[in-house]
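Participant:
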Amino acid sequence: MGQMIAIVGRPNVGKSTLFNRLTQSRTAIVDETAGTTRDRQYGRVDWNGKEFSIVDTGGWVVNSDDVFESEINKQVELAIEQADEILFVVDAMNGVTDLDDHVAEILRKSRKPVILVANKVDSNDWLYNVAEFYSLGLGDPYPVSAVSGFGTGDLLDEVVRKLPEKPADEEDQLDDIPKFAIVGRPNAGKSSIINAFIGEDRHIVTDIAGTTRDSIYTRYNKFGFDFYLVDTAGIRKKNKVQEDIEYYSVIRSIRSIEASDVCILMIDATRGIEAQDVSIFSLIQRNRKGLVVCVNKWDLVTDKSPQAIRHFEDTIRERFAPFTDFPILFTSALTKQRIYKVLETAVEVYGNRRRAVPTSQLNTVMLEAIAAYPPPANKGKYVKIKYVTMLKGAQIPTFIFFCNLPQWVKEPYRRYLENKIREHWDFSGTPINVYMREK
Ligand code: GDP
Ligand code: GDP
1 MGQMIAIVGR
11 PNVGKSTLFN
21 RLTQSRTAIV
31 DETAGTTRDR
41 QYGRVDWNGK
51 EFSIVDTGGW
61 VVNSDDVFES
71 EINKQVELAI
81 EQADEILFVV
91 DAMNGVTDLD
101 DHVAEILRKS
111 RKPVILVANK
121 VDSNDWLYNV
131 AEFYSLGLGD
141 PYPVSAVSGF
151 GTGDLLDEVV
161 RKLPEKPADE
171 EDQLDDIPKF
181 AIVGRPNAGK
191 SSIINAFIGE
201 DRHIVTDIAG
211 TTRDSIYTRY
221 NKFGFDFYLV
231 DTAGIRKKNK
241 VQEDIEYYSV
251 IRSIRSIEAS
261 DVCILMIDAT
271 RGIEAQDVSI
281 FSLIQRNRKG
291 LVVCVNKWDL
301 VTDKSPQAIR
311 HFEDTIRERF
321 APFTDFPILF
331 TSALTKQRIY
341 KVLETAVEVY
351 GNRRRAVPTS
361 QLNTVMLEAI
371 AAYPPPANKG
381 KYVKIKYVTM
391 LKGAQIPTFI
401 FFCNLPQWVK
411 EPYRRYLENK
421 IREHWDFSGT
431 PINVYMREK
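Under the UniProt record's numbering, the first residue of the sequence shown is numbered 1, with each subsequent residue one higher.
In structure tokens, the structure reads:
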């Protein structure tokens with residue numbers, strides 16, 4: 001599972017600017033057209049081969065100057081609970097404030113790795129101000145300027161250095177058994193479906209002992225399926241009040257998604273697709289995980305005609321386009337309708353993620369498809385695709401097409417190839433990679 005770094009600090013110290021600088025993008029996980037929801041800052045970083053995600057928890061609390069201490073508390077608690085490491089940002093132009101003191105105190109007690117970041121050091125003059133942050137008792141302050149980029153390389157070095165050792169073999173031990181995450185917005189029916197899966201008599205096979213935090217994987221053997229459920233919300237000690245707070249649920253979704261192979265995305269049939277569903281979907285996509293969509297509370301829907309079902313399916317695929325090749329099930333966690341089917345489908349998707357098409361078969365089919373519809377010529381030159389192979393040991397099915405001019409094969413043609421692959425072999429529910437390489 002990926003490591004997560006959370007950025008905390010009071011409003012206006014430059015958290016979101018720093019986030020953008022570190023992830024080098026404006027990454028709103030909510031698609032802008034969906035509207036209403038605030039930016040949720042979530043990005044993935046690869047720094048010298050170490051990969052981790054960064055979350056700006058400030059994106060979830062009200063961003064005004066008279067922020068309540070209680071809101072900061074929530075932000076910081078959330079970071080302590082979920083993150084592997086915390087970046088505590090303060091404002092070097094402003095100096096230490098009461099709120100900074102307050103946050104520092106909570107962080108000191110948490111025993112999480114914390115890096116103190118003194119932001120807005122735009123020039124050397126401001127460096128003198130940085131020393132005053134030693135009073136926070138969190139060690140050396142790291143001077144940076146999120147606006148100019150000063151100090152951010154050193155900061156990332158330190159981030160990587162301080163990352164707790166990954167519970168390395170935990171993931172290895174889990175290898176051959178699928179890991180499922182149940183995700184969806186509050187009240188979609190996540191805990192209900194988990195209860196429907198495992199009921200009162202839980203066939204827990206083992207609990208793998210966690211290292212830095214409690215294990216989030218619990219192994220089940222149910223209906224003949226052996227699988228892990230990823231539990232970051234705490235299936236056993238769920239705090240309903242907290243779970244209803246949107247940003248808690250989003251951070252937990254992120255963690256669950258990162259830790260899983262296949263995500264079971266719960267959608268509330270009585271509400272249809274909303275912005276939050278789309279943003280969770282895009283998190284699943286960005287992490288390249290498998291997907292099964294459950295239109296839940298189907299028992300409450302009166303019109304179950306084939307047209308109504310069709311309409312539901314079309315709407316979902318439209319909102320999730322261009323990725324449309326995934327299973328959609330109509331479930332009721334309450335009456336347990338199609339609960340077995342959900343697990344069966346999730347297991348299938350897991351299988352699809354690991355599907356290996358024999359090279360000869362792959363070439364026969366794909367070279368024919370390419371001959372029928374070759375890549376468009378560019379300035380009188382022709383792209384010739386010679387053969388195709390699957391990359392061994394990749395996270396998800398990865399196809400490599402060898403050709404003379406790989407850079408000339410553009411997105412539409414890659415999509416054509418992907419569609420052909422999906423037509424001929426079952427990759428339902430899983431993203432696939434299509435790469436062009438020079439031969
Ligand atoms: P957040 O509320 O903590 O997320 O803070 P923002 O990232 O929204 O930044 C608050 C304000 O501080 C904005 O006007 C930023 O342009 C400004 N700011 C952020 N980083 C720097 C910096 O390194 N130097 C200066 N001078 N201003 C900064
Ligand atoms: P979570 O917040 O996603 O974990 O959602 P819950 O499992 O707590 O469910 C929220 C509410 O919806 C509860 O009152 C459930 O009883 C109800 N609920 C969940 N699934 C279904 C379903 O399939 N049908 C009906 N009628 N109610 C459901």
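Quick reminder that beta carbons are idealized off the backbone N, C-alpha and C, glycines included.
Treat the numbers as computed from the prediction; the structure is a model and nothing was measured.
On the criterion of 16 or more Cβ atoms from any shown chain inside 10 Å, does Tyr382 qualify as buried, or is it exposed?
Facilitator: Working through the sequence shown from its first residue, we reach residue 382 at position 382. Label assigned to Tyr382: exposed.
Participant: Measuring CB to CB, does Gly272 end up less than 7 Å from Arg353?
Facilitator: Position 272 of the sequence shown, counted from the start, is the residue given in the question as residue 272. Position 353 of the sequence shown, counted from the start, is the residue given in the question as residue 353. Cβ distance not < 7 Å, so Gly272 and Arg353 don't count as in contact.
Participant: With a threshold of 7 Å on Cβ separation, who are the neighbours of Asp56 within its own chain once the five nearest residues in sequence on each side are excluded?
Facilitator: Counting from 1 along the sequence shown, the entry for residue 56 is found at position 56. Here the set comprises Ile7, Lys15, Ser16, Phe19, Gln41.
Participant: Below 7 Å CB to CB, which residues in the same chain sit around Ser428 once its five sequence neighbours on both sides are set aside?
Facilitator: Looking up residue 428 in the sequence shown gives position 428. Result list for Ser428: Asp325, Phe326, Pro327, Val349, Asn352, in chain order.
Participant: Take Thr335 as the anchor and find which of Pro358, Ala308, Leu300 has the nearest alpha-carbon.
Facilitator: Here the question's residue 335 lines up with position 335 in the sequence shown. It is Leu300 whose Cα lies nearest to the Cα of Thr335.
Participant: Can you give the beta carbon distance from Val76 to Ile115, rounded, assuming they're within the 8 Å contact cut?
Facilitator: On the sequence shown, residue 76 is found 76 positions in, with the first residue counted as 1. On the sequence shown, residue 115 is found 115 positions in, with the first residue counted as 1. Incorrect: roughly 14 Å between the Cβ atoms, too far for contact.
Participant: Let me make sure I understand the geometry here. Which of Ile339, Arg255, Ser70 has the alpha-carbon closest to that of Ala196?
Facilitator: Position 196 of the sequence shown, counted from the start, is the residue given in the question as residue 196. Per the Cα distances, Ile339.
Participant: Could you check where the alpha helix (DSSP H) with Ser279 kicks off and where it finishes?
Facilitator: Translated into positions along the sequence shown, residue 279 becomes position 279. Where Ser279 is concerned, the enclosing alpha helix (DSSP H) stretches over 275-286.
Participant: Pop quiz: Val295 and Phe312 are said to be a contact at Cβ under 8 Å. What is the actual Cβ separation, rounded to whole angstroms?
Facilitator: As a first step, residue 295 must be located in the sequence shown, where it is residue number 295. As a first step, residue 312 must be located in the sequence shown, where it is residue number 312. With 8 Å as the limit, Val295 and Phe312 qualify as a contact, their Cβ atoms being about 6 Å apart.
Participant: Taking three-plus beta-carbon pairs below 8 Å as touching, is the segment 129-148 in contact with the segment 96-105?
Facilitator: Touching, yes, given that three or more Cβ pairs across the two stretches are closer than 8 Å.
Participant: I'd like to confirm something about Ser256: is its beta-carbon nearer than 6 Å to some heavy atom of ligand 1, or not?
Facilitator: Taking the first residue of the sequence shown as position 1, residue 256 is located at position 256. No - ligand 1 has no heavy atom lying nearer than 6 Å to the Cβ of Ser256.
Participant: Evaluate the contact criterion for the segment 73-90 versus the segment 156-163: three or more CB pairs, one atom per stretch, below 8 Å.
Facilitator: Counting Cβ pairs under 8 Å, three or more are found: they touch.
Participant: Would you call the segment 358-372 and the segment 418-437 touching, i.e. three or more CB-CB distances under 8 Å?
Facilitator: Yes, the segment 358-372 is in contact with the segment 418-437.
Participant: Just to confirm, is the Cβ distance from Leu22 to Ile251 under 7 Å?
Facilitator: Counting from 1 along the sequence shown, the entry for residue 22 is found at position 22. Counting from 1 along the sequence shown, the entry for residue 251 is found at position 251. No, they are not a contact pair.
Participant: Work out the CA separation of Val89 and Ile72 for me, nearest whole Å.
Facilitator: Locating residue 72 in the sequence shown gives position 72, counting from the first residue. Locating residue 89 in the sequence shown gives position 89, counting from the first residue. Using only the alpha carbons, I get a separation of about 13 Å.
Participant: Counting only runs that start and end within the segment 127-185, where is the alpha helix (DSSP H) found for 4 or more residues in a row?
Facilitator: You should have 127-130, 152-162, 168-173.
Participant: Can you check which of these residues, Phe225, Gly224, Val230, is closest to residue 441 by C-alpha distance?
Facilitator: This structure gives no information on residue 441, because the portion of the chain shown stretches from 1 to 439.
Participant: Quick one: using the 10 Å Cβ neighbour count with 16 as the cut-off for buried, is Lys190 buried or exposed?
Facilitator: In the sequence shown, the residue the question calls residue 190 occupies position 190. Counting Cβ neighbours within 10 Å, Lys190 comes out buried, since at least 16 surround it.
Participant: Pop quiz: Ile400 and Arg288 are said to be a contact at Cβ under 8 Å. What is the actual Cβ separation, rounded to whole angstroms?
Facilitator: Looking up residue 400 in the sequence shown gives position 400. Looking up residue 288 in the sequence shown gives position 288. That pair is no contact at about 17 Å.
Participant: Which residues in the same chain as Val365 place their Cβ atom closer than 7 Å to its Cβ, once the five residues preceding and following it in sequence are excluded?
Facilitator: Counted from its first residue, the sequence shown places residue 365 at position 365. Same-chain partners within the cutoff: His424.
Participant: For the segment 148-158 and the segment 117-126, state whether three or more C-beta atom pairs, one from each stretch, are separated by less than 8 Å.
Facilitator: Yes, they touch.
Participant: Under DSSP, the beta strand (DSSP E) around Met4 begins and ends at which residues?
Facilitator: If you number the sequence shown from 1, residue 4 lands on position 4. Looking at the DSSP string, the run of the beta strand (DSSP E) that includes Met4 is 3-8.
Participant: What residue does the beta strand (DSSP E) around Asp125 start on, and which one ends it?
Facilitator: Within the sequence shown, the letter at position 125 stands for residue 125. Neither: Asp125 is in no beta strand (DSSP E) and is coded neither H nor E.
Participant: When you compare only the Cα positions, how much space is there between Gly224 and Glu344?
Facilitator: Mapped onto the sequence shown, residue 224 falls at position 224. Mapped onto the sequence shown, residue 344 falls at position 344. Between Gly224 and Glu344, the C-alpha separation is close to 10 Å.
Participant: For Ile257 versus Cys263, is the C-beta distance shorter than 7 Å?
Facilitator: Taking the sequence shown and counting its residues from 1, one reaches residue 257 at position 257. Taking the sequence shown and counting its residues from 1, one reaches residue 263 at position 263. A contact, by the Cβ cut-off of 7 Å.
Participant: Please classify Arg236: is it buried, with 16 or more other beta-carbons within 10 angstroms of its beta-carbon, or exposed?
Facilitator: By one-based count along the sequence shown, residue 236 stands at place 236. Caution is warranted here: a pLDDT of 39 is assigned to Arg236, below 50, making its placement in the model unreliable, and the coordinate value is therefore given only provisionally. Burial call: exposed.
Participant: Could you check what DSSP says for Val13 in three-state terms: helix, strand or coil?
Facilitator: For the purposes of this step, residue 13 is taken as residue 13 along the sequence shown, with counting starting at 1. Coil, per DSSP.
Participant: Let me confirm a value: Lys379 is counted as buried when at least 16 other C-beta atoms fall within 10 Å, else exposed. Which label applies?
Facilitator: Along the sequence shown, read from residue 1 onward, the residue named residue 379 stands at position 379. Lys379 should be labelled exposed.
Participant: Between the Cα of Phe402 and those of Lys386, Arg111, Ile54, Pro376, spot the shortest distance and give me the residue it belongs to.
Facilitator: Counting from 1 along the sequence shown, the entry for residue 402 is found at position 402. Answer by Cα proximity: Lys386.
Participant: Report the residue from Arg355, Lys297, Gln407, Ala394 whose alpha carbon sits nearest the alpha carbon of Ala377.
Facilitator: Counted from its first residue, the sequence shown places residue 377 at position 377. For the residues Arg355, Lys297, Gln407, Ala394, the minimum Cα distance to Ala377 belongs to Gln407.
Participant: So Ala92 is in the alpha helix (DSSP H); what residue range does that whole segment cover?
Facilitator: In the sequence shown, residue 92 corresponds to position 92, counting from 1. No alpha helix (DSSP H) holds Ala92; DSSP gives it neither H nor E.
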